[in-house]
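Everything below concerns the one structure shown next.
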Amino acid sequence: MAHMKNIGSTAYLDIQYLNKIKNVSFKPIFIMGLQRSGTSILYKMLGSTNCFNVITAYHIIKYDELLHNHINNLEDNVKDKLSEFIRDQSQITRGIDQLKTTPDFPEEYGFLLSQKTKQSRLNQNNVSLFIELCKKIQFISDSKKLLLMKNPFDFSNFIYIRKMFPNAKFIFIHRNPMKTLNSQIKAMQNLLQNKSAYMAMLSQWYDKIFDSNIRLRYYRFVYSSCTPIRVNSAIKRIANETNLFLENIDVLQKDEEYINVRYEDLCRDPQSIIEEIMKFLDIPLEPNLNYRDFIKPRKTVFLKELQRREKFVSKRMYKYLTYCKYETASFSQN
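Numbering (the working numbering), first residue to last: 1 to 334.
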């Protein structure tokens, strides 16, 4: 544990270099989707085009020294040590999917907001931190590239984001709600079963769960099939988030400010979806990648407690299902 704690920044080494990013500008592109709706794989695919600057695990874990490391040519050394730690912990994947963990893995900025402000969603209390993060990344990366990012906690927060960043563009990714819910709960069950050193570096909340056996047992119980608390709470939250999306999406100009894609379509024909997104962003796409290599389909096994609530979910989320052109009955069978 002590070794892991030392991996994070111990002092704000960047403070002496902040004047260097004062006039740095950026144009943000936001991938908007609920947790476990496909944001990570889409982020990884788009990042692989090399057309964007992306926010990585390194940027989150070593935030306080990004400028210091860049200016003093320490980036490679620090990343090597971080990679070595991840390997030592046998942390090949994130523990919630098959995506491999490296310091350069595209991650969500919500982890940094939570670490510094205890709030994962962008608001007036943490937007200055977010802007500083963006400026840092543009400074240490290719400043001519657009900045691509994601944070599932901001899925329905696009009105505020647009207000703060009028030049922003949004890529909304949608997924069958039953599969999203199923994946959310199973992911947390996996993370609670065995501690993920990688996730603990990103999330102080998750790290602290394992500091107390009582706390750990509580969360394992809440996410188990022994109680309906977590399932009911997840359904309520996802329904509220999608309702907010539907209530406000018309404020944005479709095909100018935002584009919708479905996770299922991305898995079925990734090349076409990536091409569609890049066309929306007006960025030429070089045909040098086979995006199907990113897709590793797995059969979905639904939790029994979710299967029992299928009709309730379908009824509760009828408008969203219709908007996304999903079947409104028996949509958990595929």
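Beta carbons: idealized from backbone N, C-alpha and C, even for Gly.
For a cut-off of 8 Å, the C-beta gap from isoleucine 21 to phenylalanine 139 is around 5 Å, short enough to register as a contact. Here DSSP, grouped into helix, strand and coil, assigns lysine 179 to helix. Straight-line measurement puts the Cα of asparagine 23 at about 41 Å from the Cα of tyrosine 320.
Taking the C-beta atoms as reference points, histidine 174 is found nearer than 8 Å to serine 37. Taking the Cβ atoms as the reference, phenylalanine 170 lies roughly 14 Å from glutamate 276, outside the contact range of under 8 Å. Residue pairing by DSSP places histidine 174 opposite Arg262 in a beta bridge.
Residue burial is scored here from C-beta neighbours: tyrosine 58 has at least 16 other C-beta atoms within 10 angstroms and is therefore classed as buried.
Per the DSSP secondary-structure output, threonine 56 pairs in a beta bridge with Pro106. Of the candidates Pro103, Asn19, Phe155, Tyr160, Tyr160 places its Cα closest to the Cα of asparagine 125.
DSSP places leucine 147 in the uninterrupted beta strand (DSSP E) bounded by 146–150.
By the criterion of a C-beta distance shorter than 7 Å, leucine 82 is surrounded in its chain by Ile7, Tyr58, Ile61, Pro103, once the five residues flanking it on both sides are discounted. Judged by beta-carbon spacing, asparagine 190 lies beyond the 8 Å limit of threonine 300, meaning their Cβ atoms are not closer than that value. Assigned with DSSP and collapsed to three states, methionine 278 falls in helix.
Shown here for tyrosine 219: same chain residues with a beta carbon closer than 7 Å to its own, the five before and five after excluded, namely Leu192, Ile209 in chain order.
Two segments are said to touch when three or more pairs of C-beta atoms, one from each, lie closer than 8 Å; by this definition the region 137–151 does not touch the region 218–238. CA-CA distance, lysine 279 to aspartate 76, rounds to 34 Å. Where methionine 32 is concerned, the enclosing beta strand (DSSP E) starts and stops at 28–32. Nearest to lysine 296 by C-alpha distance, out of Phe158, Gln89, Leu42, is Leu42. By the 16-neighbour rule on beta-carbons within 10 angstroms, aspartate 14 is buried. The Cβ atoms of asparagine 123 and tyrosine 326 lie no closer than 8 Å to each other.
With a cutoff of 8 Å on beta-carbon distance, asparagine 157 and arginine 215 are scored as not near each other.
For threonine 39, the uninterrupted alpha helix (DSSP H) segment begins and ends at 39–47.
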